[in-house]
Amino acid sequence: MANVVVDQDQQWLLNCLSATLDPNPDVRNFAEASLNQASLQPGFGSALSKVAANKELAVGLRQISFSIMITYLFQFIFQNLNISFHTLLIFLKERNTIRDPIFH
1 MANVVVDQDQ QWLLNCLSAT LDPNPDVRNF AEASLNQASL QPGFGSALSK
51 VAANKELAVG LRQISFSIMI TYLFQFIFQN LNISFHTLLI FLKERNTIRD
101 PIFH
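Take 1 as the starting number for the sequence shown in full-length UniProt numbering and just add one per residue.
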């Protein structure tokens, strides 16, 4: 990875994304559970989009980030007919923040 300056939250996200590829199943499971918990917080989608769009980061991290974003999008569209109002608000508030780094 290039010399990329990141804050503590971004570093945590990058570490979790990297840990999803760890050969140790305990490490992978913990990383996946951590990312699942983080997905319930505002800002998760925009943080993933920043990783996916950052060309200074390793391609693998960017691909994992984008895969998670797509997974949540599909879940939102196809599976979450009973989605909570809180989750819908988080998604709507982050829509532009998620879209802008990817398409610009």
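For every residue, glycine included, the Cβ atom is placed at its ideal position computed from N, Cα and C. All figures in this text were calculated on a predicted structure; none of them were measured in a lab.
Chain-order list of residues whose beta-carbon lies under 6 Å from that of residue i (same chain, five-residue window excluded)
{"i": "ALA52", "result": "ARG62, SER65 and PHE66"}
Same chain, Cβ closer than 7 Å to residue i, neighbours up to 5 away in sequence not counted
{"i": "SER18", "result": "LEU61"}
{"i": "SER39", "result": "TYR72"}
{"i": "PRO25", "result": "none"}
Within 9 Å, strictly: CB atoms of residue i and residue j
{"i": "ASP22", "j": "ALA31", "result": "yes"}
{"i": "ILE98", "j": "LEU48", "result": "yes"}
{"i": "GLY43", "j": "MET69", "result": "no"}
{"i": "GLN10", "j": "LYS50", "result": "yes"}
Alpha carbon of residue i to alpha carbon of residue j, nearest angstrom
{"i": "ASN29", "j": "ASN54", "result": "26 Å"}
{"i": "residue 180", "j": "ASP100", "result": "Nothing about residue 180 can be reported from this structure: the residues present for the chain run from 1 to 104 only."}
{"i": "THR20", "j": "ASP7", "result": "20 Å"}
{"i": "GLN37", "j": "VAL27", "result": "15 Å"}
{"i": "PHE74", "j": "ASN96", "result": "18 Å"}
Close Cβ partners of residue i (< 8 Å) along its chain, the five nearest in sequence each way excluded
{"i": "LYS93", "result": "PRO42"}
{"i": "ALA91", "result": "It is Phe, not Ala, that sits at residue 91 in the sequence shown. For PHE91, where only same-chain residues beyond five positions count, the Cβ hits under 8 Å are GLY45 and PHE76."}
TODO: Please list the segments of the alpha helix (DSSP H) lying wholly inside the segment 10-57, counting only runs of 4 or more residues, in order along the chain.
DONE: Counting only runs of 4 or more, we get 25-38 and 44-53.
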